[in-house]
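Notes follow once the structure below has been shown.
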Amino acid sequence: MLALGQPLPLPTLDEFVRDLRPVRADAVPQDRRECAICLGDFDDEEHQPYSLGCGHYMGTGCLRGSLTTNDNNGNIRNQCINCQRENFQAPRRDRLVAYENRRENRR
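Final position of the sequence shown in this note's numbering is 304; the numbers increase by one with none missing.
Dropping the structure here:
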């Protein structure tokens, strides 16, 4: 049980991915209508926006790429590129390999 005022624990990578939901491009606030990664405009097909917990948005392909791109230590970047807020628990390298294997098996 959490004490009053304690932050909620971050979701795991699997929970974060499971709970992601696309947003209609025209529902994104006017001042955030470009992807945080590529700075391209959102649409409802090729570059549909996804809302992160911090309030920033990433397009489909950029979000997918950010969840499979490793840093120099082999870890997935778990922070928003704009504000550096962590979106999920940083997985250890061995968990990352297991996650990638599960993703491949779903295709």
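C-beta atoms are modelled at their ideal positions from N, C-alpha and C, and glycine is treated no differently.
Leaving aside the five residues that flank C277 on each side, the residues in its chain whose CB is nearer than 6 Å to its CB run, in chain order, L249, C251, H253.
In summary, C280 is exposed, with fewer than 16 beta-carbon neighbours lying within 10 Å of its beta-carbon over all protein chains present.
A straight-line Cα-Cα distance of about 33 Å links G237 and P204. Straight-line spacing of the CA atoms in E283 and L210 works out to 11 Å. Secondary structure of Q276 (DSSP, three-state): strand. Here E212 carries a helix assignment [DSSP, helix/strand/coil].
Beyond the five residues adjoining it in sequence on each side, F285 comes within less than 8 Å, by CB distance, of L207, P208, T209, L210, E212, F213, N275 in the same chain, given in chain order.
DSSP, read as helix, strand or coil, puts D238 in strand. The bridge partners DSSP lists for G256 are P246. D241 places its beta carbon less than 8 Å from that of R221.
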